[in-house]
Amino acid sequence: MSHRSLPHVSLPSQEVVELVRQSCADIPEGSTLLAGSFYRNLFKMVPELREMFADDLGPQQQRMADALLAVVRYLDTPDEIAEYLQELGAQHHRQLGVRPEHYPHVGRALIRAVSEVSPGWTSSMSSSWVLVYRWVTAHMLAGAEEAASVSSGHRRTH
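Here the sequence shown stands for residues 1 to 158, numbered as in full-length UniProt numbering.
Right under this line is the structure:
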């Protein structure tokens, strides 16, 4: 996937990245605690999104937890993680029908979920998550946009 169609959204500072990492430090690898909280928050905020997912959220929660913790872990390699995020955005567009207007709800649900499961949560962590999520969203939306243009037969040339 091409990075050229991205709006200019810089990876947040190392200090911001470290605060995001600290917020996830006590979440065990493979834990679905965060994902469970995320989906509860998301469906409470936007109940109609529930129909996008299978009745059994277990596998989806595991994939979400694994993806989120991987993104947080690899923020030091922005080019690699950006490519992964673009692929993830394309996949979510194709398989789940995720649209750009869903992303703000996802961000609010995600930040609320992290605050609920992170014992040392601070307002600085909240601000840091907003910045990182903005960067993540830019890459996922670029992937979704490219997937949409390919599926409609209008692949963009750069």
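Positions of the beta carbon are idealized from the N, C-alpha and C atoms, including for glycine.
{"Asked": "Anticipated Cβ contact below 8 Å, M125 with L49, distance rounded", "Found": "Between L49 and M125 the Cβ distance is about 25 Å, and since that is not below 8 Å, they are no contact."}
{"Asked": "Alpha-carbon spacing of A138 relative to V17, whole angstroms", "Found": "16 Å"}
{"Asked": "Alpha carbon of L75 to alpha carbon of C24, nearest angstrom", "Found": "13 Å"}
{"Asked": "Counted within 10 angstroms of its Cβ, other Cβ atoms place P12 as buried (16 or more) or exposed", "Found": "buried"}
{"Asked": "From V117, R94, A113, D79, residue whose alpha carbon lies closest to that of K44", "Found": "A113"}
{"Asked": "Reduced DSSP category for P12 - H, G, I as helix; E, B as strand; rest coil", "Found": "coil"}
{"Asked": "Per-residue burial, R156 [other beta carbons within 10 Å of its own, 16 or more giving buried]", "Found": "For R156, the predicted model reports a pLDDT of 49, less than 50, meaning its position is unreliable and no value from the coordinates is stated."}
{"Asked": "Alpha-carbon to alpha-carbon, A90 and G97", "Found": "10 Å"}
{"Asked": "Inter-residue spacing [alpha-carbon to alpha-carbon] between P85 and A144", "Found": "Strictly speaking, residue 85 in this sequence is Leu, with Pro absent from that position. Straight-line Cα distance between these residues: approximately 10 Å."}
{"Asked": "Pairwise C-alpha distance: G58 and A67", "Found": "14 Å"}
{"Asked": "S97, DSSP secondary structure in three states", "Found": "Just to set this straight, residue 97 is Gly in the shown sequence, not Ser. Of the three classes helix, strand and coil, the one that applies to G97 here is coil, per DSSP."}
{"Asked": "Terminal residues of the alpha helix (DSSP H) in which D56 lies", "Found": "Per DSSP, D56 belongs to no alpha helix (DSSP H) and is neither H nor E."}
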